Amino acid sequence: MIDKISYSPINIMSSIQPKDNTGEGADDLGKKFGSFLNDAMNNLNSQQLQVDKLNESFIKGDLSDVHQLTIASEKASLGLELTVQVRNKVIEAYQEMMRMQL
1 MIDKISYSPI NIMSSIQPKD NTGEGADDLG KKFGSFLNDA MNNLNSQQLQ
51 VDKLNESFIK GDLSDVHQLT IASEKASLGL ELTVQVRNKV IEAYQEMMRM
101 QL
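Here it is, written out as structure tokens:
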């Protein structure tokens with residue numbers, strides 16, 4: 001037997017009611033994203049400082065394992081490339097939002 005489908009307005013309206021407003025707003029998410037970027041930049045800076053220190057010790061002859069220097073240098077290089085790509089995507093998204101018409 002086929003069941004009757006009921007489209008009462010109460011059932012439809014209950015499914016589109018706004019949820020609790022306890023979630024994070026755009027301001028909170030913006031601050032979190034800003035702190036994430038700040039932490040990433042600080043981490044990138046510390047990696048570059050470590051590469052500089054390893055470079056100096058290699059030049060002085062104190063560093064016997066060149067692989068440490070190479071690995072640290074590649075990590076810093078990849079971190080810089082990632083940072084540049086994230087910056088480019090953020091700028092591209094901002095420009096796209098500015099082109100939107102309301």
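Every letter in the sequence shown is one number past the one before it in the UniProt record's numbering, and letter 12, counting from 1, is 12. Using N, Cα and C, we set each Cβ at its ideal position, and we do this for glycine too. If you're wondering where the values come from, they're calculated on a predicted model, not measured in any experiment.
In angstroms, rounded to a whole number, what distance separates the CA positions of E96 and A76? 30 angstroms
May I ask you to report which of helix, strand or coil DSSP gives D39? Three-state result, D39: helix.
The stretch 25 to 44 in contact with the stretch 80 to 91 per 3-pair CB rule at 8 angstroms: yes
Alpha carbon of S46 to alpha carbon of V90, nearest angstrom: 23 angstroms
Where do the N-terminal and C-terminal ends of the alpha helix (DSSP H) with Q68 fall, by residue? 66 to 99
Does DSSP put E24 in a helix, a strand or coil? coil
Thinking C-beta only, is L44 closer than 8 angstroms to L54? no
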